[in-house]
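Worksheet: one structure, shown below.
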Amino acid sequence: MKAVLGCLILCAWLVGIPLLTGAIPAFFTKRRRDLPFMWVSGYMLSWALFQLEAVPLVLLHIPQGFAVLVRIFGFSSLALAAVGAFLLIRSRKSAPRLTLVREEDAGSRTNRIYWGIFFALAALQLVLAVAMNYQDGDDAYYVAVSTLTESSNTMYEKMPYSMGVTGLDLRHGLAPFPVWIAFLARISGIPAVSVAHVAVPLALIPTTYLIFYQIGGQLFGKKKEKLPLFLSFTALLTIFGNYSIYTAENFMLARSRQGKAALGSIVIPAVFLLFLLILEQTELQDGMSPQSFSGPGKGRRKSTVWMLWLLLCVTVLAACLCTTVGTMLICLLLGVGGLCAAFVYRKPGLAWKTALCCTPALVYAVLYFMV
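The sequence shown begins at 3 in this note's numbering and counts up one residue at a time.
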């Protein structure tokens, strides 16, 4: 009974809370019933919030810091979810029903078969990610940190190899992704190792495909019949890309519990998605007619672009949670993307707005060298 209750709590925190939290940006971007957008933006908001609340507690050496973090993050997450639920109810009459795959994307019978192939490939990956999961060298540190954090109520103050007291591990303390897993273990009562090896892959692998689903929708526009083929081809590349422990496919399927995998498989693709959405709104404002589409329903619609910029900034914070290397990589990606967009659209504002979004990563980078 306890295990069943723990699984239900995990489902609520890995599915329900992100969806309700993501309803906030979805409301302001006029994607009020777009489940993929809500799911992805909800995870970005949740991770960014965890980063903002966890790092100060790590640096200040608060006694029983993890227990304090559990209460603070739990309350703030539930508050955001409550706001999202309110906005979702408020928009109930003005928006179509919630959908995962839009009806216009399903298309003909042949297209539905293609969708069936993709869902079968995705389900196979989820089964294999759990049934054939294995430990790697990094588990000796990252999963051990999650277990030690949950059992001792301290964060990065004990060595995961020997459990001996040590000074602050600043390199990993500024990117407390294992502490997020420890949080899930604490609220559910399920051991951290089980959460890391079972629950996290079942949540984060679908998140990756939901991002690619939206990216494909932006790239293919009205050619919706190509979307399931694009996703199926992506799934095949992922299945047969595990030829080395260093490939992106290996990180996505076999090491999704690690922050580096979340950065490469979720956060960086989310940045590309947000760039596409922002540039789409730029074209709409300029009266251009690109081939892409966005949001549920027919046609293209203008949305509040400031929320997309805010989401991009939030995604930068999520990158900082995943790994300290993420601070450098995300700034490099945004810098190149912002300069290219400013040059192509002849809008210098795109460059400086992108630079402003890099501010959180720069702050954590400076903090790393100062502390």
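Beta carbons are placed, not taken as given, at the ideal position from N, Cα and C, and that holds for glycine.
Sixteen is the threshold: since fewer than 16 other Cβ atoms of the shown chains lie within 10 Å of the Cβ of Ala81, the residue is exposed. With respect to Val197, Ala205 sits apart: the two C-beta atoms are not nearer than 7 Å. Less than 7 Å separates the beta-carbon of Ile332 from that of Val318. Exclusion of the five residues before and after Ser258 leaves Ala131, Val202, Pro203, Leu206, Ile207, Ala264, Ser267 as the residues of its chain whose Cβ lies within less than 8 Å of its Cβ. About 6 Å separates the Cβ atoms of Leu59 and Val70, confirming a contact at the 8 Å cut-off.
If you check the CB distance, Thr284 and Tyr347 come in under 7 Å. Annotation: Trp41 to Pro350 spans about 31 Å, alpha carbon to alpha carbon. The shortest CA-to-CA distance from Met372 to any of Ala84, Leu176, Thr151, Thr23 is the one to Leu176. In the DSSP assignment, Gly24 falls within the alpha helix (DSSP H) that extends over 19-30. When the Cα atoms are used, Trp182 and Ser110 turn out to be separated by approximately 42 Å. Note on geometry: alpha-carbon atoms of Ser48 and Leu21 lie some 10 Å from one another. With contacts defined by Cβ atoms closer than 7 Å, Ser234 and Ile119 form a contacting pair. Judged by DSSP secondary structure, His63 falls outside any alpha helix (DSSP H); it is assigned neither H nor E.
Assignment of Lys224 by DSSP, reduced to helix, strand and coil, places it in the coil class. For Val6, the uninterrupted alpha helix (DSSP H) segment begins and ends at 4-13. Comparing alpha-carbon positions, the option among Tyr144, Ile189, Leu310 lying closest to Leu10 turns out to be Ile189. Our two residues, Ser246 and Phe179, have alpha carbons roughly 24 Å apart in a direct line. Here Lys262 carries a helix assignment [DSSP, helix/strand/coil].
With fewer than 16 neighbouring CB atoms inside 10 Å of its own CB, Ile115 falls in the exposed class. Distance from the CA atom of Tyr143 to the CA atom of Gly243, rounded to whole angstroms, is 25 Å.
Annotation: Leu7 to Ser79 spans about 20 Å, alpha carbon to alpha carbon.
Cβ-Cβ separation between Leu310 and Thr31: approximately 6 Å, consistent with a contact (criterion under 8 Å). Under the three-state reduction of DSSP output, Gly219 falls in the helix class. Taking every protein chain shown into account, the CB of Arg94 has fewer than 16 other CB atoms within 10 angstroms, so this residue is exposed. DSSP places Asn113 within a helical segment (H, G or I) once states are collapsed to three. With contacts defined by Cβ atoms closer than 7 Å, Thr151 and Phe68 form a contacting pair. Within its own chain, the residues whose Cβ lies closer than 8 Å to the Cβ of Ala83, once the five positions on either side in sequence are excluded, are Gly18, Ile19, Leu22, Thr23, listed in chain order. Taking Val307 as the centre and dropping the five residues before and after it, the same chain places the C-beta of Ile280, Gln283 closer than 7 Å to its C-beta, in chain order. Thr329 is positioned such that its CB atom lies closer than 7 Å to that of Ala363. Contact check for Gly340 and Leu352: beta-carbon distance about 6 Å, within the 8 Å limit, so the pair qualifies. The C-alpha of Leu61 lies about 32 Å from the C-alpha of Ala25. Under the three-state reduction of DSSP output, Pro193 falls in the coil class, being neither helix nor strand.
Here the C-alpha atom of Asp138 lies approximately 18 Å from the C-alpha atom of Thr325. Under the DSSP assignment, Tyr245 falls outside any alpha helix (DSSP H); it carries neither an H nor an E label. The shortest C-alpha to C-alpha distance from Leu238 to any of Val129, Trp117, Ala124 is the one to Ala124.
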